[in-house]
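Undergrad:
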Amino acid sequence: MPEIKRPEIKKLQTRANLPKYFRVAAIFALITTVLVVGIGFYRARNNQEFRMKGFPTELSKDVIAEISGYERTETEGDVKKYYIKADKARMFADNHQEMENVFLQVFDDSGSAASDRITAAKAIYIPAENKNFTAFFAGNVQVETRDGLKVKTEQIAYKKETETAEAEELIEFERDNIKGKSFGALVHIKEKRLELKNQVEIDAFAVNANDEMARNNLQSAKIKANYAMFDQLNGKIELSENVNINITPNGQNSENSENSEMSQPTEIKSNRATAVFTDKEIKQIDLNGNVEVYQKPTNANSKWTRTKANKATAKIDKELKRLELFDNVEIETTAGGVKPTKINSGYAVYEKDADRFELKNGVHIVTIEDNQPTNIRSNDAVYEQSNGKITLYGNAEVTQGNNLIKGDNLIAELYPNKKLRSANAKGNSYLKQTMPDRTTEISANELNAAFNENQYLQTANAVGNGNAVLIPAQSNEYSRVTISAPDAIRLIFKGEGLLEQMQTQGRTTIQLNAPNNSPDAANKRLTADSVKSFFNANGKDLTRAEAVGNAELYVEPLKNSAENYKTTINAPRFDCEFYATGNNAKNCWANGKTKTVRAPTAPGDNRGTQTLLADKLNAIFNQQSQDVQQFDAVGNTKFTELDRNGIAEQISFTASDEIVRLRGGEPTVWDSRARAKANEIDWDTRSEKTALRGAVSTTYYSQKQTNGATPFGETNKPVFVTAASAEFNHREEVGLYTGNARAWQENNYVRADRLLLRQKQGQLIAEGTVQSLLYNARRREDGRETNVPVYAAAEKLTFNRDNRILSYETNVDIRQGTDRITAGVANVYLNERNDVSQTVAENNVVVTQPKRKAVGDYAQYNATDEIVTLRGNPARIEDAENGSSQGGQVTVYLRENRVVGEGTTKQTGTGGRIRSVYKVKNQ
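Everything in the sequence shown is counted per the working numbering, starting at 14 for the first residue and increasing by one.
1) For Glu701, which residues in the same chain have their Cβ closer than 8 Å to its Cβ, ignoring the five residues on either side in sequence?
2) Ends of the beta strand (DSSP E) at Pro570?
3) For the putative contact between Glu343 and Ala325, defined by C-beta atoms under 8 Å, what is the C-beta separation to the nearest angstrom?
4) When the Cα atoms are used, what is the spatial distance from Leu433 to Phe464?
5) Suppose you measure from the CA of Ala367 to the CA of Ser399; what does that come to, to the nearest Å?
6) Quick one: give me the first and last residue of the beta strand (DSSP E) that Tyr906 is part of.
7) Which residue from Gln516, Leu566 and Ala535 puts its Cα closest to that of Val544?
8) Quick check on the burial criterion: 16 or more other C-beta atoms within 10 angstroms. Buried or exposed for Ser669?
9) Which partner residues of Val376 appear in the DSSP bridge assignment?
10) Out of curiosity, what's the CA-to-CA distance linking His109 and Ala102?
11) In whole angstroms, give me the CA-to-CA distance for Gly901 and Glu915.
12) Within this structure, are the beta carbons of Gln829 and Val868 separated by less than 7 Å?
13) Cα separation between Glu509 and Leu470?
14) In chain order, what residues of the same chain have a beta carbon less than 7 Å from the beta carbon of Phe120, not counting five sequence neighbours either side?
15) Determine the closest residue to Ser497 out of Gly748, Ser546 and Lys352, with distance taken between C-alpha atoms.
16) In whole angstroms, what is the alpha-carbon distance linking Tyr396 and Lys402?
17) On the DSSP bridge assignment, give the partners of Met112 in chain order.
18) My understanding is that Leu525 touches Phe548, with C-beta atoms under 8 Å, so please give their C-beta distance in whole angstroms.
19) Does Ala126 pass the burial test, meaning 16 or more other C-beta atoms within 10 Å, or should it be called exposed?
20) Hey, how far is the Cα of Glu179 from the Cα of Arg335?
21) Are Ile455 and Ala481 close, meaning C-beta to C-beta below 7 Å?
22) What's the C-alpha gap between Asp542 and Asp500?
23) Does the Cβ of Lys316 have 16 or more other Cβ atoms within 10 Å, making it buried, or fewer, making it exposed?
24) Please name the residue or residues paired with His201 in a DSSP beta bridge.
25) Do Asp216 and Lys203 have their C-beta atoms closer together than 7 Å?
26) Can you give me the C-alpha to C-alpha distance between Gly648 and Thr703, rounded to a whole angstrom?
27) Pop quiz: Asn840 and Leu819 are said to be a contact at Cβ under 8 Å. What is the actual Cβ separation, rounded to whole angstroms?
28) Is Lys334 helix, strand or coil by DSSP?
29) Within its chain, find whatever has a CB closer than 6 Å to the CB of Asn847; leave out the 5 residues flanking it on each side and keep chain order.
30) So, Ala756 versus Val783, is the Cβ gap smaller than 7 Å?
31) Measure the alpha-carbon distance for Ala462 versus Ile389 and round it to whole angstroms.
32) Over what stretch of residues does the beta strand (DSSP E) that includes Arg9 continue unbroken?
33) Just the Cα atoms here: how many angstroms apart are Asp244 and Ser233?
34) Could you tell me how far apart the beta carbons of Pro687 and Leu705 are, in whole angstroms, since I believe they sit closer than 8 Å?
35) Measuring straight from C-alpha to C-alpha, what distance separates Tyr443 and Ile523?
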């Protein structure tokens with residue numbers, strides 16, 4: 014056998030080793046392409062030269078072996094392992110190998126016909142230490158795996174030491190319904206991790222209705238990014254830079270047509286993303302940085318949702334099912350073709366099937382962005398879009414046009430067009446409606462409001478410690494109205510949110526605060542078990558109010574003065590009417606045993622709390638001041654101030670003059686001293702005067718109560734006065750009786766056209782046709798002492814308590830038994846027992862006794878010794894039995910029946926003659 018040369022031996026060894034080299038390369042290529050399937054694709058250049066960054070700059074050009082038409086099949090027993098061929102294979106002096114038009118086919122261990130294939134224009138194998146090597150493929154590199162994967166690229170480099178394969182140019186792949194590309198890729202074979210470095214695109218789509226994706230309700234899924242990393246061990250893909258993911262469900266799924274028709278495509282964008290796979294399907298995508306997720310509408314489902322956030326987690330089950338958003342969350346969503354609802358929050362969870370948004374950390378929702386947007390705010394919220402329901406937690410607030418409602422928690426229900434239908438707030442609830450003319454504020458433990466489709470308030474109910482305030486825009490013209498009720502307040506609106514009616518439950522208070530533009534302006538407070546208020550057509554002016562159950566009306570002047578009173582009226586029910594404008598009460602009817610109390614706001618002399626009782630009462634208010642202008646009381650009425658009282662069937666009180674007018678029944682007034690009745694009584698509480706008209710009858714409880722001003726003897730017995738009319742000045746303690754006036758005590762009396770009683774001065778003045786029986790004269794006859802009543806008449810009578818003198822003037826006529834004195838003037842002196850002690854008469858005095866007559870200018874009667882002293886010029890006595898006598902002074906001794914004449918009077922000292930004529934009796 015000829016000797017074989019050394020070069021030929023090396024050539025044969027190289028040729029024998031080629032299958033081993035190609036097998037390693039084939040394994041690397043298959044691993045590379047399998048990992049590439051999960052990631053992406055890049056643009057490539059159609060250049061077959063090796064131009065990888067890691068490609069050696071210098072390789073040996075010394076060919077030590079070259080084979081053309083290389084072809085080899087490797088088997089283990091009867092099982093094929095791989096098949097390789099190349100148009101040319103060369104080995105160089107540095108031990109690297111180069112092949113052209115390479116074809117490699119690798120079979121599986123089962124021996125089936127299925128195989129993996131790789132072709133390339135060129136392949137270079139470069140050995141290294143420790144059995145490491147680097148392999149480069151270039152020029153129309155194509156890989157087709159036994160499971161249908163096809164990969165195309167221009168350059169691939171594999172390093173055995175690091176177990177990495179890298180492509181720096183465009184890679185395209187395709188398998189069944191998946192295709193994609195990437196520009197540059199790095200495969201970490203040992204870690205089963207693949208990096209796609211630029212312009213990554215992955216596209217999965219349904220080829221027909223029966224393939225796997227269609228059955229799984231997936232029509233297509235597209236992923237784009239500038240960078241991607243596929244981690245096969247952990248089942249996830251990490252994407253970064255301009256991440257864009259589009260998921261489109263299949264709308265023709267026959268197995269569940271209803272659900273599939275409602276499925277929606279989703280577009281996802283972010284700076285970074287991590288997609289998690291389960292059973293070869295994307296189940297979750299974690300997004301970070303400038304996140305945008307848009308679930309798009311379809312012909313079958315017009316609902317759509319667009320979201321933005323700093324971070325997000327998307328749950329995928331055939332389509333987007335759940336989206337969790339973090340930080341700076343922005344959401345736009347709509348259903349039914351209406352304008353979108355806009356949401357801002359710090360955190361959100363969107364559940365697609367439930368069409369539900371869970372929102373936290375500062376929520377702001379705008380349901381309709383038009384001329385009356387609905388603004389909703391709270392700490393946290395749950396928005397159920399299809400159900401038209403929003404539940405708010407913490408600092409909840411809903412603003413709809415000029416309406417605001419808020420509370421600790423709140424439930425809002427929406428119309429299909431997402432306008433506000435109703436709102437129910439709990440905890441520190443508050444509603445505010447702002448109108449051009451007024452602002453309405455309502456607060457309560459719980460509050461609910463209903464709106465019509467034009468977004469105007471229809472009803473509002475405040476439950477638990479309710480409070481409603483009507484604040485006028487023109488505070489100088491309108492009263493401020495405040496309503497509070499412990500159980501509930503119900504407000505009914507009409508038209509364009511105009512207030513029509515307010516109803517309350519529980520002990521209710523209505524406060525009417527008057528404009529402070531008048532010195533006598535007053536606020537009012539109406540309290541009752543329940544109150545119903547009605548408004549006129551403009552919705553801003555109260556027309557009437559009904560207060561039922563233990564009702565109380567309180568009127569408080571804004572300024573304190575002696576003329577201003579705080580007024581409290583109590584009754585079972587009030588029916589109040591209001592002036593046409595201003596929310597100012599016109600009058601309030603109180604029914605059923607009313608009680609009115611007026612307390613002065615400033616102290617005043619002899620002024621005190623006034624009380625008015627009646628079966629019914631009408632309080633009339635002044636439109637400017639809003640204070641009580643007049644009281645009209647009917648039925649068993651009674652008025653009281655200090656110890657002064659008045660009763661009648663009807664009482665009318667006017668605040669302007671503070672006069673109490675008593676009418677009907679038997680009007681009566683009384684105090685601690687006296688009682689008076691009349692057909693009509695006008696009681697001036699301000700001036701402390703009383704006028705009585707018609708059948709006046711007064712009773713002083715005792716003579717002492719007249720302060721001794723009446724000339725009656727029994728100090729502890731009552732004194733009666735009657736007249737056609739009377740006037741009392743309580744401050745001056747003066748009473749004037751006119752028209753057949755008569756005062757009496759037991760059998761003693763004084764009658765005149767006019768009686769004037771001055772209690773402070775202790776004086777009584779009677780004028781006009783005076784008649785009196787005021788005292789008795791003591792007479793001793795036949796040894797016995799008798800009391801003879803003394804009757805007196807005159808045109809005027811004056812009694813003075815201090816000197817106890819009865820002064821009769823003009824046409825004085827005094828009768829004592831059979832005795833009679835007439836004169837121009839007469840003064841009767843009474844002792845402490847009211848008995849006459851002395852009588853002095855002047856001016857044409859005439860004293861008449863049976864068969865005796867005395868005439869003079871002056872007469873003095875001494876009751877102790879029954880002596881009458883007459884003076885005159887001359888004084889004259891005519892006695893039918895004893896003759897006559899005259900002189901300057903004549904003294905008549907009534908007991909002794911004798912007369913003594915004097916020529917000179919003691920008072921004047923003038924002399925005179927005495928003339929007496931005696932009649933001689935027949936024996």
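Positions of the beta carbon are idealized from the N, C-alpha and C atoms, including for glycine.
TA: From the atom records:
1) Asn619, Asn742, His743 and Arg744
2) Leu555 to Pro570
3) Contact flag wrong, Cβ pair sits at about 11 Å.
4) The alpha-carbon atoms of Leu433 and Phe464 are separated by roughly 7 Å.
5) 8 Å
6) Gly896 to Tyr906
7) Gln516
8) exposed
9) Paired residues: Ser391.
10) 11 Å
11) 6 Å
12) no
13) C-alpha separation (whole angstroms): 8 Å.
14) Lys93, Lys94, Tyr95 and Ser128
15) Ser546
16) 6 Å
17) Ala102 and Ala136
18) Contact flag wrong, Cβ pair sits at about 14 Å.
19) Counting the other Cβ atoms within 10 Å of the Cβ of Ala126 gives fewer than 16, which makes it exposed.
20) Inter-residue distance for Glu179 and Arg335 is about 37 Å (C-alpha atoms, whole angstroms).
21) yes
22) 10 Å
23) Lys316 should be labelled buried.
24) Thr177 and Arg206
25) no
26) Each residue's alpha carbon lies about 21 Å from the other.
27) 7 Å
28) strand
29) Gly726 and Tyr788
30) Going by C-beta atoms, Ala756 is not nearer than 7 Å to Val783.
31) 15 Å
32) The requested residue 9 is not part of the displayed model; the chain covers only 14 to 936.
33) Asp244 and Ser233 have their alpha carbons spaced roughly 22 Å apart.
34) In the sequence on display, residue 687 carries Ala and not Pro. About 12 Å separates the two Cβ atoms, so there is no contact after all.
35) 18 Å
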